[in-house]
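Protein chains in written order, with my numbering: chain A, 1 to 127; chain B, 128 to 254. C-beta: ideal position from N, C-alpha, C; glycine also. The structure displayed is predicted, hence computed values, not measured ones. Since the structure comes first, as structure tokens, the remarks are kept for the end.
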DNA sequence: TGAGTATATTGACATCCTTCAATATACTTG
DNA sequence: CAAGTATATTGAAGGATGTCAATATACTCA
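This is the structure in structure tokens:
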């Protein structure tokens, strides 16, 4: 009689690769998921797009005027993007000017690309 | 007296680029956001990773064994990934085998990269 | 046909996310 | 300091998302 391991206990044979495991661990998966999550919102994407357009700084009232949400919502998304390190701001008098953190954006892009390539092209080159 | 347009009405001058607008419209932003959203979950990332590893098909029981969530949850995420077109499945007898849709993954990757490059490198080349 | 296994679906619950009105804070200008 | 404007924060409401127990469905084998 064969001892069943915890892994295989309760599963019949015949279909299974009992040693299958993700190459990304839970922590890395969570980190990557957070990276993607901060981008996964139409307002935030549009904000990033506008900030990237005007490499010089952009004041909040312009963003507000160009977006289909109210001022507190714009402020909310700006805060999330700032907490994620993707943008930063600078106060000039009455106005606050936001700008993209290109280094952070580039790092995020690199992380996503690494993962994506590992995902899509590990065993075959093309569909 | 100067007529105020709808755009500039209610805003003072002095800080503003009144003609600022996102290059991505609401629809495209929503689509991109959906693309990112389907990836923005640790379980789904790990599922995609495992499916990409074994290019041959993988049965659900293996996924279930390797993931820290229960069977209905695995099934739920598989359904979302399938609805997004990123994976598909095939029944063989009692078991259902899932596999990556490499073409769809490649297309998604391309869409994200396009946007990302437009975002990060429109006016300057490096941080 | 009936018992058993693999996967899917349903329904409920908790948590997070988005949004906004109301309010607070920061700053300028008179 | 007072009044006015720009932005941030708070608190609440509604919707979306993730999870699981229970159950249903699909299939195999005796």
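Subject >> Under the three-state DSSP convention, the category residue 79 of chain A falls into >> reply: Within the first chain, the letter at position 79 stands for residue 79 of chain A. Correct three-state label for residue 79 of chain A: helix.
**OP:** Please decide whether residue 7 of chain A counts as near chain B, where near means a Cβ-Cβ distance under 8 Å.
**Re:** As a first step, residue 7 of chain A must be located in the first chain, where it is residue number 7. Confidence is the limiting factor: at residue 7 of chain A the pLDDT is only 38, short of 50, which leaves the residue's position unreliable, though a coordinate-based value still follows. By this cut-off, residue 7 of chain A is an interface position.
**OP:** Could you name the residues that DSSP lists as bridge partners for residue 191 of chain B?
**Re:** Taking the second chain and counting its residues from 1, the one referred to as residue 191 of chain B is at position 64. BP columns for residue 191 of chain B are empty, so no partner.
Subject >> Interface residues of chain A facing residue 160 of chain B [CB-CB closer than 7 Å] >> reply: Counting from one through the second chain, the residue named residue 160 of chain B turns up at place 33. Here the neighbours are 40, 41, 42, 45.
**OP:** Rounded to whole angstroms, what's the CA-CA distance from residue 236 of chain B to residue 53 of chain A? Just pull it up for me.
**Re:** Counting from 1 along the second chain, the entry for residue 236 of chain B is found at position 109. Counting from 1 along the first chain, the entry for residue 53 of chain A is found at position 53. Distance between the alpha carbons of residue 236 of chain B and residue 53 of chain A: 22 Å.
Original post:
Between residue 233 of chain B and residue 240 of chain B, what straight-line distance do the alpha-carbon atoms span, to the nearest angstrom?
Top reply: Mapped onto the second chain, residue 233 of chain B falls at position 106. Mapped onto the second chain, residue 240 of chain B falls at position 113. Looking at the two C-alpha atoms, the distance is approximately 10 Å.
**OP:** Anything in chain A within Cβ reach of residue 243 of chain B, meaning under 7 Å, just list it in chain order.
**Re:** Taking the second chain and counting its residues from 1, one reaches residue 243 of chain B at position 116. 109, listed in chain order.
Original post:
Is it a yes or a no for the stretch 69 to 78 of chain A touching the stretch 194 to 207 of chain B, going by three-plus beta-carbon pairs under 8 Å?
Top reply: no
**OP:** Might you give, ordered along the chain, the residues of its own chain that have their beta carbon closer than 8 Å to the beta carbon of residue 58 of chain A, omitting 5 neighbours on each side?
**Re:** As a first step, residue 58 of chain A is located in the first chain; it is residue number 58 there, counting from the start. Excluding sequence positions up to five before and after residue 58 of chain A, its CB lies within less than 8 Å of the CB of 50, 51, 97, 98, 99, all in the same chain and listed in chain order.
Original post:
By the criterion of Cβ-Cβ separation under 7 Å, what are the contact partners of residue 189 of chain B in chain A?
Top reply: As a working mapping, residue 189 of chain B is identified with position 62 in the second chain. Ordered by position in chain A, the residues that pass the 7 Å Cβ test against residue 189 of chain B are 16, 17, 20.
Original post:
Do you know offhand how far residue 166 of chain B's Cα is from residue 81 of chain A's?
Top reply: Within the second chain, numbered from 1, the residue matching residue 166 of chain B stands at position 39. Within the first chain, numbered from 1, the residue matching residue 81 of chain A stands at position 81. Those two C-alpha atoms are separated by around 19 Å.
Original post:
Going by other Cβ atoms of all chains shown within 10 Å of its Cβ, with 16 needed for buried, is residue 145 of chain B buried or exposed?
Top reply: Here the question's residue 145 of chain B lines up with position 18 in the second chain. The residue in question, residue 145 of chain B, is exposed, as its Cβ has fewer than 16 Cβ neighbours within 10 Å.
Subject >> Cutoff 8 Å; reference residue 78 of chain A; Cβ partners in own chain excluding five residues on either side >> reply: Locating residue 78 of chain A in the first chain gives position 78, counting from the first residue. Taken in chain order, the residues that qualify are 47, 60, 63, 87, 89, 98.
Subject >> residue 160 of chain B versus residue 43 of chain A: straight-line alpha-carbon distance, rounded >> reply: Here residue 160 of chain B refers to the residue found at position 33 of the second chain. Here residue 43 of chain A refers to the residue found at position 43 of the first chain. Approximately 9 Å, taken between the alpha carbons.
Original post:
Going by other Cβ atoms of all chains shown within 10 Å of its Cβ, with 16 needed for buried, is residue 83 of chain A buried or exposed?
Top reply: Residue numbering aside, residue 83 of chain A sits at position 83 when the first chain is read from its first letter. Residue 83 of chain A comes out exposed.
Subject >> Distance CB(residue 24 of chain A)-CB(residue 172 of chain B) smaller than 8 Å >> reply: Walking along the first chain from the start, residue 24 of chain A turns up at place 24. Walking along the second chain from the start, residue 172 of chain B turns up at place 45. Yes, the pair counts as a contact, with Cβ atoms nearer than the cut-off.
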